[in-house]
Ligand code: 13P
Ligand code: SF4
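In my numbering, the protein residues as written are 91 to 410.
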């Protein structure tokens, strides 16, 4: 007879998971989780996706409670689309360096200084900034959104300068760029990637467009997290170097267990050699349980801001 007991933390995770699932049923809640969440949180979710897929899932939601496991701007997006539902987050402090780089007052001044520009704003921004924008985009559809704007109209793009520069290169359109970056993707080291590509000459390098140009120019494929996940399934290569937040590797390993997936190395010498978003990783099973049990923290929006932000978001969603 095998008398080996599971380590206590496994037991505790199983207990928390069971309690969360019980409360989820009891309260008829839906759980949405981004690919960058921990595997335990992803395993609880009704929908796992990238920013676009999660906004679309939020739009279709009919449950009275949406528990959003991601970062603050994503949960705000769910609330913009669902004013009549309660939108909860595990941790209100789960922010985003891109959203933080564009405070509403500075963005207002930027728009006022360029009144004839169409404002295309990456979904990684606050509801207030969305409310001052003409159309929102995500990393999945930024190229298509910019291409939808008549060629004779000047366009400003905020807040991610690297995604904006990527869109500029693909579309050939000149964009006025806001100076924001994702603090996780800018840490991915092109020098270390070159060494890794030298060691694995057959590997395909895949990268998120929040990475700087010197990383993207090494990549065989550039796309959103969902697009990177699709690529490893469809491309015949056996080995992939994945230049985005390491959380995506959980889903990728499930999708292609027979392939080798290598997390792209970050600059810092003594990191885990992969890239983790400190905001995404603030969410824990304990906090998910507390949010469902106490029905807070809850996202609350000023209705005027919500209505204006909804207009910009709808324009994106109508593009399909
Ligand atoms: P996507 O979900 O669009 O791939 O974006 C990644 C990201 O950084 C979310 O914060
Ligand atoms: Fe923001 Fe970057 Fe974290 Fe995404 S990975 S939430 S863009 S800081």
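Idealized CB from N, CA, C, for every residue including glycine.
Integer Cβ distance of residue i from residue j, believed to fall under 8 angstroms
{"i": "residue 103", "j": "residue 396", "result": "About 36 angstroms; that fails the 8 angstroms criterion."}
{"i": "residue 110", "j": "residue 382", "result": "6 angstroms"}
{"i": "residue 255", "j": "residue 266", "result": "Not quite, the Cβ-Cβ distance comes to about 12 angstroms (not below 8 angstroms), so this is no contact."}
{"i": "residue 232", "j": "residue 253", "result": "6 angstroms"}
{"i": "residue 248", "j": "residue 192", "result": "6 angstroms"}
{"i": "residue 275", "j": "residue 304", "result": "With a Cβ gap of about 12 angstroms, residue 275 and residue 304 do not count as contacting."}
{"i": "residue 329", "j": "residue 296", "result": "Residue 329 to residue 296, Cβ: 11 angstroms. No contact."}
{"i": "residue 101", "j": "residue 377", "result": "Rounded, the Cβ-Cβ distance is 19 angstroms, inconsistent with contact."}
{"i": "residue 160", "j": "residue 370", "result": "7 angstroms"}
{"i": "residue 375", "j": "residue 107", "result": "7 angstroms"}
For residue i, three-class secondary structure by DSSP
{"i": "residue 157", "result": "strand"}
{"i": "residue 250", "result": "strand"}
{"i": "residue 385", "result": "coil"}
{"i": "residue 163", "result": "helix"}
{"i": "residue 54", "result": "Here the chain has residues from 91 to 410 only, and residue 54 is not among them."}
{"i": "residue 245", "result": "strand"}
{"i": "residue 299", "result": "coil"}
{"i": "residue 239", "result": "coil"}
{"i": "residue 408", "result": "helix"}
{"i": "residue 128", "result": "coil"}
{"i": "residue 308", "result": "coil"}
{"i": "residue 265", "result": "strand"}
{"i": "residue 391", "result": "coil"}
{"i": "residue 178", "result": "strand"}
{"i": "residue 120", "result": "strand"}
{"i": "residue 280", "result": "helix"}
{"i": "residue 137", "result": "strand"}
{"i": "residue 313", "result": "coil"}
{"i": "residue 331", "result": "strand"}
{"i": "residue 213", "result": "coil"}
CB contact flag (residue i, residue j, <8 angstroms)
{"i": "residue 437", "j": "residue 155", "result": "Absent from the structure is residue 437, since the part of the chain shown begins at 91 and ends at 410."}
{"i": "residue 301", "j": "residue 331", "result": "no"}
{"i": "residue 226", "j": "residue 213", "result": "yes"}
{"i": "residue 246", "j": "residue 194", "result": "no"}
{"i": "residue 402", "j": "residue 220", "result": "yes"}
{"i": "residue 261", "j": "residue 236", "result": "yes"}
{"i": "residue 148", "j": "residue 168", "result": "yes"}
{"i": "residue 215", "j": "residue 158", "result": "no"}
{"i": "residue 294", "j": "residue 409", "result": "no"}
{"i": "residue 345", "j": "residue 319", "result": "yes"}
{"i": "residue 153", "j": "residue 118", "result": "yes"}
Residue i versus the options, residue with shortest Cα-Cα distance
{"i": "residue 285", "options": "368, 354, 99", "result": "354"}
{"i": "residue 134", "options": "151, 149, 140, 112", "result": "112"}
{"i": "residue 327", "options": "350, 201, 333", "result": "350"}
{"i": "residue 399", "options": "375, 223, 235", "result": "223"}
{"i": "residue 137", "options": "258, 316, 307, 108", "result": "316"}
{"i": "residue 120", "options": "201, 318, 176", "result": "176"}
{"i": "residue 250", "options": "234, 264, 228, 263", "result": "228"}
{"i": "residue 165", "options": "141, 392, 196, 342", "result": "141"}
{"i": "residue 341", "options": "116, 114, 132", "result": "132"}
{"i": "residue 306", "options": "259, 348, 289", "result": "259"}
{"i": "residue 174", "options": "406, 404, 393, 407", "result": "393"}
{"i": "residue 183", "options": "404, 405, 368, 288", "result": "368"}
{"i": "residue 365", "options": "404, 288, 380, 283", "result": "283"}
{"i": "residue 404", "options": "290, 199, 114, 170", "result": "170"}
Counting pairs of beta carbons, one from the region 383-401 and one from the region 307-315, are three or more of them closer than 8 angstroms? Under the three-pair Cβ rule at 8 angstroms, the region 383-401 does not count as touching the region 307-315.
When the Cβ atoms of the region 266-285 are set against those of the region 179-193, are three or more pairs found closer than 8 angstroms? By the Cβ criterion, the region 266-285 is in contact with the region 179-193, since at least three pairs of Cβ atoms, one from each stretch, lie closer than 8 angstroms.
Check whether the region 321-330 touches the region 234-252, counting contact only when three or more Cβ pairs, one atom from each stretch, lie closer than 8 angstroms. Cβ pair count under 8 angstroms is below three, so no.
The region 120-130 / the region 330-340 touching (three or more Cβ pairs under 8 angstroms): Counting Cβ pairs under 8 angstroms, three or more are found: they touch.
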